[in-house]
Structure formats: structure tokens, C-alpha cells
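There are 2 protein chains.
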Amino acid sequence: MVSRNPNQTRRAILDAALEEIHLRGFQGMRVEHILQRTGLTKGALYHHFTNKMSIGYAIVDEILGQDVMERWVGPLSDSSNPVLTIIEICEKERAGRTAEEIEKGCPINNLSQEMSPIDEGFRERLEQVYRQWTSAIAEALSRGQKTGVIRADVEPAKIAKFLLASLQGIIGVAKCCKSEQMLDDMADCMRSYLLQLLNADSVQRAV
Amino acid sequence: MVSRNPNQTRRAILDAALEEIHLRGFQGMRVEHILQRTGLTKGALYHHFTNKMSIGYAIVDEILGQDVMERWVGPLSDSSNPVLTIIEICEKERAGRTAEEIEKGCPINNLSQEMSPIDEGFRERLEQVYRQWTSAIAEALSRGQKTGVIRADVEPAKIAKFLLASLQGIIGVAKCCKSEQMLDDMADCMRSYLLQLLNADSVQRAV
DNA sequence: ATATAAACAGACCAGTTGGTATGTCAAATA
DNA sequence: TATTTGACATACCAACTGGTCTGTTTATAT
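For the protein sequence lines, the chains are A and B, in the order given. Under my numbering, the first residue of the first sequence carries the number 47, and numbering increases by one thereafter. Under my numbering, the first residue of the second sequence carries the number 47, and numbering increases by one thereafter.
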């Protein structure tokens, strides 16, 4: 904002928009509020984006999708034990959240619940994020089966979808109930379920 | 709508509003659309409700809460085997949904994700629904432990929360991915998890 | 140095939206 | 039958909202 830096301006718009969307949803987000947050004007905003919708699309593609890649896809691709890696990621994410953050939930889940039925562009983009996410888990589980850490009878593709769904469900219910206790209770069940996916031999080391 | 019937009119407003909200969310729901659906006018609508928000509150209290009572709390309170009852309810609900219905998700989850962070009135009402829901599951699991059908080492309160969260997560992910296959895959995992809660002796009869 | 195009600023606008004020009609009540 | 009240109908409005249009400033290429 000091000197002219279009990339930085564009990113500032997306960051401000994401914060608003995270709390109020895409429909509840107001262009005017982005201007207030960034100190920019309408001229600047509509120079970088054609309309409100394109801001939402860019957030999914450039921020949320990227986050999943960095926090999940990357670590899982380097992992020799997907179960432990998933538990680690969850605990790390959990540690970084205040009670206030919990109330806002996962922006990916928020957006998909709000927008996927009413805008196909949003839905396709969010579905793609979910696909990358589940694929990364499924592939890691598959590799784990080959190395013997994961039970041979688990079906990676199915379990991956279920794990992702449960995770989103947990975050969503905790968000509504505004309860850290509830979040930790559910996470505990999730952890137990994850450990069940390990081969009997390797459970000793894990717990 | 034929003759004057205030209760029927009020209910017609709520039903129409719920359909709109189910698809577009509460913020996306337009009062004007309710009028079009019901054939009523603003005068009628604002005679029965003080404002838009009160329509949303009434829907949670009178329709969604009631639905949970009928579909979950009732059956579970009569159940001798909560695991089988839950599986039955899920299969029944699943059978009644078309692909189009799946895209709209669960209205309770939709509303809680959208409204709980921005309106405390909504959040409290939805939390209460979740509480009744999880309590019913937890109590049924407890009773199952006493009769011996449920494993003694499961913690009813924790598992109940996790089950509810997973269920909502599954519906939510399937909604975004618009995939019946994915829904059934995840439901399959959920079913397996539920059956694990049964005592080893009674598994034979269940499967 | 100057032309050119990108990166903004700011006023303005048309459509939308929740909500209100006033009037009318039917049914219960006396 | 007269009257009062609840159940609507209709016109209207003020505020909001996404988006546009025109103008100005800054960087960059020639």
C-alpha cells in the first residue's frame, strides 16, 4: 500500500475477503467491508476483479486450495505412516486455534455448504480441493499398506473419504456448540479410529 | 389458503421459508420468494412474524427440532440395540433422498454452519437440537451397555458426539461432491464403525 | 522527455430488500 | 344486529449493495 504493488494489492483484497467470508459467508460478505479493511476504493477492487463472484473463486483456487496442499498433501506425500501424520496434522491445527477461531469453523466446509448448491463454479472448485485432499490420504494409506504399517483389509479410497468427512463434521459441530471440550472429545474418538487402521504389530510403537 | 386459517397460513410460511433456506441459506432466502411460493402478501407474513429472523428461529424450534425428535430421539428411546437402530435410521433417510436432495444437504447443518457464528439466537437454538440429538444417542448406548449389546469400553457421551459429527460430515461432503457413490462409500465406513461398537457375542446376529 | 498503459480514486446509479403504514374484510362476540 | 378484533391486502419507502463511469496518478517503454 506504500508504493504501487498490484500483486500485493490483489492479495490484500483476497485476504480481507477471506476473513469476511470466514465469518459471514460469501453471500454475507460485503464488498464495502473489503474496502474498509484494505483502505482501497471500488476502483482498485474492480480493477483487479471483474465482480464479487470472481473474488470468491480466486480465494478457493489460490488460498484455500493452496492451504490444503501445504498442510495435508505435502506432509502426507512425505509420510511413511499416514495415520500418525494425520494425527500430527490434526493436533497441530488444533493447537493453533483459539476458542474464537473454533466458532468460525473451516472456511472450505463453510463455503461448500453455503455455495455448492447455488453456484456450480464454486462447487466445482471446492470439489476439486476435496478430491486432492482425499486422494492424498488414500494414496498415503495405500503406500502404508505396501510397507505394512496399515492393515491390509482397509479400503484406502473409502476410508479417506470417511476420514475427511468426519474431520469436517467434527469441526462443524464444535463450531455450532462453541465448545473446546466437545471438539477434543470428538477428536479423541477420531484418534482411536485412526489407530485402528494400523497393523496390530505397529500399534505398540504408535501408542 | 382457501378460507381463513391462521395456523395453516403460519405453517405455510414456515414450510416455504424452509425450502428456500434449505437451498439458498438464511441470508440468501428472500422474503419476497416466500410470498411468491405461498401466494400471500407482506401484510400476511408480517402479521404472523415480527421480522425475517423470527421466521428462521421458528423453523429451528418448530420444524427442525421436531424432525430430530421424530426421526432420532423417538426411535432411539424405544430401541434395544442403538447400533442397529442408527443404521436403520440412516438407511431409511438415505433411501428417501434423490440426487437433487443430496445436493441440498442437511438443513440443520447448513443453518448451523451459516448462522451460528453471526447470530447467537440461531446458535443457541441449533445447539439445543444437537444436544437433544447426541443425548438420545448417548443414552441409548448406555442402555445398550447395561443389556450387554454394546461394548463396555465405549464412552457413550464421546461416541455419540463423534457419530453425529461424522454423519453431518458425510452429508456435507456428499453435498459438495454431488455424488451418491461417495455418499454410499462413506456410509459404508460409518456402518462398519457402528458395528464395531457391538459386543463380540452379538455381532453374529447383527451382520 | 514523452507517450502509453496499468493502477488506482471517487462520485454516481439502478435494482434489490426488509420492513411499515394504512386500509379492508371476515368472523367471533356482545 | 352492531361492534370489535384478528387476518389479511396494497402501496410505499429508506437503506443497502454490487457495479459502472470518468478522471487522476504512477510506472515503464521508446
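Beta carbons are placed, not taken as given, at the ideal position from N, Cα and C, and that holds for glycine. The structure displayed is predicted, hence computed values, not measured ones.
What would DSSP say about residue i, mapped onto helix, strand or coil?
i, result
"A:I196", "strand"
"A:L243", "coil"
"A:G111", "helix"
"A:C222", "helix"
"A:D234", "helix"
"B:N127", "coil"
"B:D165", "coil"
"A:G85", "coil"
"B:M228", "helix"
"A:E201", "coil"
"A:G190", "helix"
"A:F72", "coil"
"A:G151", "coil"
"B:D50", "What sits at residue 50 of chain B in the sequence shown is Arg, not Asp. Here B:R50 sits in coil by DSSP."
"B:N156", "helix"
"A:G120", "helix"
"B:F208", "helix"
"A:T144", "coil"
"A:T55", "helix"
"A:T96", "coil"
Is the Cβ of residue i closer than 8 Å to any Cβ of chain B?
i, result
"A:K98", "no"
"A:P202", "no"
"A:Q159", "yes"
"A:R70", "yes"
"A:Y239", "yes"
"A:D124", "no"
"A:D264", "For residue 264 of chain A there is no data in the structure shown, the boundaries of chain A being 47 and 253."
"A:V48", "Low confidence applies to A:V48: its pLDDT is 47, below 50, so where it sits in the model is not reliable, and the reading given next is rough at best. By this cut-off, A:V48 is not an interface position."
"A:D199", "no"
"A:D231", "yes"
"A:L244", "no"
Against chain A, does residue i count as a neighbour if the rule is that its beta carbon must be under 8 Å from one of theirs?
i, result
"B:Q73", "yes"
"B:I205", "yes"
"B:M115", "no"
"B:G85", "no"
"B:F95", "no"
Under 7 Å Cβ to Cβ from residue i, same chain only, skipping five residues before and after it: list those, please.
i, result
"A:L64", "I105, I109, P153"
"A:A182", "W118, V119, L122, S123"
"A:G71", "N156, E160"
"A:G218", "G151, N155"
"A:K98", "V77"
"B:N245", "G194, V195, I196, R197"
"A:A141", "none"
"A:E137", "none"
Keeping to the same chain, check which residues put their C-beta closer than 6 Å to that of residue i; ignore five residues upstream and five downstream.
i, result
"B:T180", "A206, K207, L210"
"B:A62", "I80, R83, T84"
"A:M115", "none"
"B:N127", "V195"
"A:R50", "none"
"A:V129", "L240, L243, L244"
"B:E66", "M75, H79"
Give every residue of the same chain whose Cβ lies closer than 8 Å to the Cβ of residue i, excluding the five residues on either side of it in the sequence, and list them in chain order.
i, result
"B:L60", "I101, A104, I105, E108, I109"
"A:T87", "L81"
"B:P163", "R169"
"B:V200", "L187, Q191, L243"
"A:R171", "Y103, V106, D107, G111"
"B:D53", "Reading off the sequence, residue 53 of chain B comes out as Asn, not Asp. No residues qualify anywhere along the chain."
"A:A203", "T180, A184"
"A:A145", "K224, E226"
"B:M228", "V219, A220"
Should residue i be counted as a contact of the ligand ATP given a C-beta to heavy atom distance under 7 Å?
i, result
"B:D230", "By its list of ligands, the structure shown contains no ligand whatsoever, and the ligand ATP lies outside what it can speak to."
* Would you list, in chain order, the members of the segment 210-228 of chain A that have their beta-carbon closer than 9 Å to a beta-carbon of chain B? => L210, A211, S212, L213, Q214, G215, I216, I217, G218, V219, A220, K221, C222, C223, K224, S225, M228
* Asked: Between the segment 217-229 of chain A and the segment 173-186 of chain B, do at least 3 Cβ pairs fall closer than 8 Å?
  -> yes
* the segment 145-179 of chain B: positions lying closer than 7 Å to chain A by Cβ -> E149, K150, G151, N155, N156, S158, Q159, E160, S162, P163, I164, R169, L172, E173, Y176
* To do: Could you name the residues of the segment 134-145 of chain B whose beta carbon sits closer than 7 Å to any beta carbon of chain A, in the order they occur along the chain?
  => none
* Asked: Is the segment 85-97 of chain B in contact with the segment 126-133 of chain B, if contact means three or more CB pairs nearer than 8 Å?
  -> no
* Three CB pairs or more closer than 8 Å across the segment 235-247 of chain A and the segment 185-192 of chain B -> no
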